[in-house]
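Structure, as structure tokens:
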Amino acid sequence: MGQCNGKSSGAKAPEFKNFDDRSNSSTMSSPTKRSSIFSERRERFILSPGNSDQIKKKYNVSTKALGKGSFGKVVLATNNCDASIKVAIKSLSKKKLNDEMTSKIMDEIKIVQGLDHPNIVSYLETYESDKHIYQVMEYCSGGDLLDRLTNSSDECLEEEEVRKIMKKLFLAINHCHLNGVAHRDLKLENILCKSDDEDEIKIIDFGLSKLQDSSFAEMNTACGSPNYVAPEVISQPSYGRECDIWSLGVIAYLLICGNFPFEGSNVMEVYGNIQQNEVSFEESQWVKSTPACRNFIKRCLTKDKDQRMTSGDALKTNWLSEDLYMKERRLSEEVIDALKNYKASSILKREALSVLVKLLSEDKIIELKEIFKEIDINCTGTISVDELKQSLKEAGIKMKTSQVRKIVQNLDYEENGEINYSEFLAATISLKDTEEADSLLWVLFKHFDIDNSDSITRENISDALLKSGKRISKSDLDMIFKKHDKLKAGEISFEDFKDMLSHLSANPEH
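Numbering (UniProt numbering), first residue to last: 1 to 510.
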């Protein structure tokens, strides 16, 4: 193997970065409507007051650290209502943070709250106490891509396996870039495997990421990991999102041959080779590689950032698009009916479903996830009116544009004119196992029953939403209780809550 940066084995959660590290970077480009909407949504971000006791009421927190850093640690935790539901909790000590570091952590939380993609780790909730900031995230038990690489027989992977990995990574990064986010620290250690026996991967650690404003000004702070850094980050006063494409090219190269494309005995030598040398495919591992693969990596590792392909360009290349539009699953009648009949006028119902889809195991959503990706023809990580209409047409369903637009409006919680990944899952998920449905409904109920009183109050709902970065108005709370507080007792019982979500197991109209 080449010069690697910090190997650690086993299940992992987001690492902690030294924000003074000057060895890495990333970028952005032209403004889009989507980016503007994303930035406006970030303005609604807020932390909820909380403490370790409140977390322990909800989670059984392990003392074993999944990862440690300068400011805190990441630990595994299980839900007290259902031990099969596992999460990763990052705790950050506020006394170790100066104002600049705290601001950067807040930026990271804003970013992960807004991203919604199958190949980006899911954000669940955040607590802030006098001494700590706690982030609750999706747990991935399969280790990282560096683990997978070093555990492989030849310390390299077959091209087809790498191609599938890279397609998922480019889909995720395309979603980031369209939403104004540059990751700036893409490397094997920041890509987790959902589990040992699953092919799903998740990008983590947005601690060095940058959320661009509407002007899309270029970034000028060098950051990241030396072997993955783009040449413009080293030599130019400013750079853009193109640096993420370079890092992905390094990852593809490394996975196939087991070495970095540019190495050296020290950081400065690595930087010199990145700036001066051309990528080489002379090692024996490249003999079996296809010309399409080598050309793809060359285009990622183009030194002139203005000539380097974008994430959108990459997804259109022969190498990545080989099976992109091969429809293995058409929209089933069940999914079509769910989309047509979905009605979630209640904010509480929407939020409950939003939490649910993040708690479900991979086997419960894998079919729906693949359907979502197939409808998302433009690879944006969202479904537009035109994309949904085209998929319905291919399924033999002719529908007027106005009717399709109505479906999108019914699902569009974020009001961005499109269906996000979690919104799609919320509308189409069903729990056919009655016992499992009851168990998950209780977990959901306790998510909102923050004070553990076996009922949900207005304050509970407000606090639960704050923990996911959202506010709710008094008028919206009044509407929730008018609709779901059947006994007019000023609180929502578990029976009221189950009635609200009865469609999950009964499967009638939503």
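For glycine and all other residues, C-beta sits at the position ideal for the given N, C-alpha and C.
By Cβ distance below 8 angstroms, which residues in the same chain neighbour residue i in space, the five residues on each side in sequence not counted?
{"i": "N254", "result": "One point to set straight first is that residue 254 is Leu, not Asn, in the sequence displayed. For L254, where only same-chain residues beyond five positions count, the Cβ hits under 8 angstroms are G2, L149, L188, F260 and P261."}
{"i": "E159", "result": "I256, K288, S289, T290 and C293"}
{"i": "Q54", "result": "Y127 and I450"}
{"i": "N273", "result": "F262, E263 and G264"}
{"i": "L368", "result": "V335, F424, L425, T428 and I429"}
{"i": "V357", "result": "I365, S422, L425, A426 and I429"}
Taking residue i as the reference, which of the options has the closest Cα?
{"i": "E387", "options": "L359, N420, L356 and V355", "result": "N420"}
{"i": "P118", "options": "S502, E370 and V443", "result": "E370"}
{"i": "S311", "options": "D196, C379 and L465", "result": "C379"}
{"i": "L360", "options": "K398, E436, G396 and D313", "result": "E436"}
{"i": "S455", "options": "E232, I383 and A489", "result": "A489"}
{"i": "S468", "options": "G272, W286, V355 and D130", "result": "V355"}
{"i": "R299", "options": "S122, C243 and R458", "result": "C243"}
{"i": "I429", "options": "I472, F372 and K400", "result": "F372"}
{"i": "D412", "options": "S345, N277 and K398", "result": "S345"}
{"i": "I89", "options": "E334, I375, L76 and R405", "result": "L76"}
{"i": "G153", "options": "I336, R241, G258 and E351", "result": "First, the amino acid is wrong: residue 153 is Ser here, not Gly. For S153, the nearest C-alpha among the options comes from G258."}
{"i": "D196", "options": "L145, R163, F206 and V233", "result": "L145"}
{"i": "R350", "options": "K202, N174, L171 and I480", "result": "I480"}
{"i": "A395", "options": "E334, L353 and F424", "result": "E334"}
{"i": "L192", "options": "E367, L157, L169 and R471", "result": "L169"}
{"i": "Y134", "options": "E155, I492 and E108", "result": "E108"}
{"i": "V233", "options": "K303, D199 and I203", "result": "K303"}
{"i": "K202", "options": "D433, L440, S502 and Y123", "result": "Y123"}
{"i": "E200", "options": "I120, N174, S129 and K131", "result": "I120"}
{"i": "L440", "options": "I407, S502 and I204", "result": "S502"}
In the DSSP assignment, the beta strand (DSSP E) including residue i goes from what residue to what residue?
{"i": "H183", "result": "Counting along the chain, H183 falls outside any beta strand (DSSP E), and DSSP gives it neither H nor E."}
List the residues that DSSP assigns as beta-bridge partners of residue i.
{"i": "residue 527", "result": "The question about residue 527 has no answer, for the chain in this structure spans 1 to 510."}
{"i": "Y134", "result": "S91 and Y127"}
{"i": "K210", "result": "A182"}
{"i": "I383", "result": "I419"}
{"i": "I456", "result": "I492"}
How far does the alpha helix (DSSP H) with residue i in it reach, from first residue to last?
{"i": "G312", "result": "S311 to K316"}
{"i": "E374", "result": "E362 to I375"}
{"i": "residue 511", "result": "Look at the range of the chain in this structure, 1 to 510, and you will see that residue 511 is not part of it."}
{"i": "R308", "result": "No alpha helix (DSSP H) contains R308, which DSSP labels as neither H nor E."}
{"i": "C293", "result": "P291 to C300"}
{"i": "Y271", "result": "V267 to Q276"}
{"i": "E431", "result": "Sequence inspection shows Leu at residue 431; the Glu mentioned does not correspond to that position. Premise fails: L431 is in no alpha helix (DSSP H) and is neither H nor E."}
{"i": "E334", "result": "E333 to N341"}
{"i": "I347", "result": "I347 to L359"}
{"i": "L146", "result": "L145 to N151"}
Give me, in chain order, the residues of the same chain whose beta-carbon lies closer than 6 angstroms to that of residue i; leave out the 5 immediate sequence neighbours on both sides.
{"i": "K474", "result": "none"}
{"i": "S215", "result": "Summary for S215: the model assigns pLDDT 37, below 50, so the residue's position carries little reliability; its value from the coordinates is reported in the next sentence. Result list for S215: empty, nothing under 6 angstroms."}
{"i": "F497", "result": "F445"}
{"i": "T317", "result": "F296"}
{"i": "S247", "result": "L186 and Y228"}
{"i": "residue 562", "result": "The first residue shown for the chain is 1 and the last is 510, placing residue 562 beyond what the model contains."}
{"i": "F281", "result": "R294"}
{"i": "P166", "result": "It is worth fixing the name first, because residue 166 is Met in this sequence and not Pro. So the qualifying residues of the chain are A252."}
{"i": "A83", "result": "none"}
{"i": "D476", "result": "I347"}
{"i": "T78", "result": "N60 and K86"}
{"i": "residue 511", "result": "Because the chain spans 1 through 510 in this model, residue 511 falls outside it and cannot be assessed."}
{"i": "K57", "result": "N452"}
Compute the minimum distance between the beta carbon of residue i and the heavy atoms of the ligand NAP, and state whether it is under 7 angstroms.
{"i": "L315", "result": "In terms of ligand content, the structure shown is empty, and the ligand NAP therefore cannot be addressed."}
What does a CB cutoff of less than 7 angstroms around residue i pick up in its chain, not counting 5 residues either side in sequence?
{"i": "F448", "result": "I456, N460, I461 and A464"}
{"i": "S235", "result": "Q275"}
{"i": "G10", "result": "The predicted model places G10 with a pLDDT of 37, which falls under 50 and marks its position as unreliable; any figure quoted below should be read in that light. Closer than 7 angstroms at Cβ, skipping near neighbours: G143."}
{"i": "E40", "result": "In this prediction, E40 scores a pLDDT of 42, lower than 50, which makes its location untrustworthy; the coordinate-derived value is nonetheless stated afterwards. Nothing meets the Cβ criterion."}
{"i": "W319", "result": "R163, A292, C293 and F296"}
Is any beta-carbon of chain C found at less than 8 angstroms from that of residue i?
{"i": "A88", "result": "Going by chain labels, chain C is absent from the structure shown, which holds only one protein chain."}
Exercise for the section: Kindly provide the ranges of any alpha helix (DSSP H) runs that are 4 or more residues long and lie completely inside the segment 386 to 420, ordered along the chain. Expected result: The segment 386 to 420 contains these whole alpha helix (DSSP H) runs: 401 to 411.
Practice task
Ignoring anything shorter than 3 residues or poking outside the segment 42 to 129, list the beta strand (DSSP E) runs there in chain order.
Solution key: Within the segment 42 to 129, the complete beta strand (DSSP E) runs of at least 3 residues are 59 to 68, 72 to 79, 82 to 93 and 123 to 128.
Problem - Residue ranges of each alpha helix (DSSP H) within the segment 462 to 506, 4 or longer - result: Taken in chain order, the unbroken stretches of alpha helix (DSSP H) that lie wholly in the segment 462 to 506 and span 4 residues or more are 474 to 484, 494 to 500 and 503 to 506.
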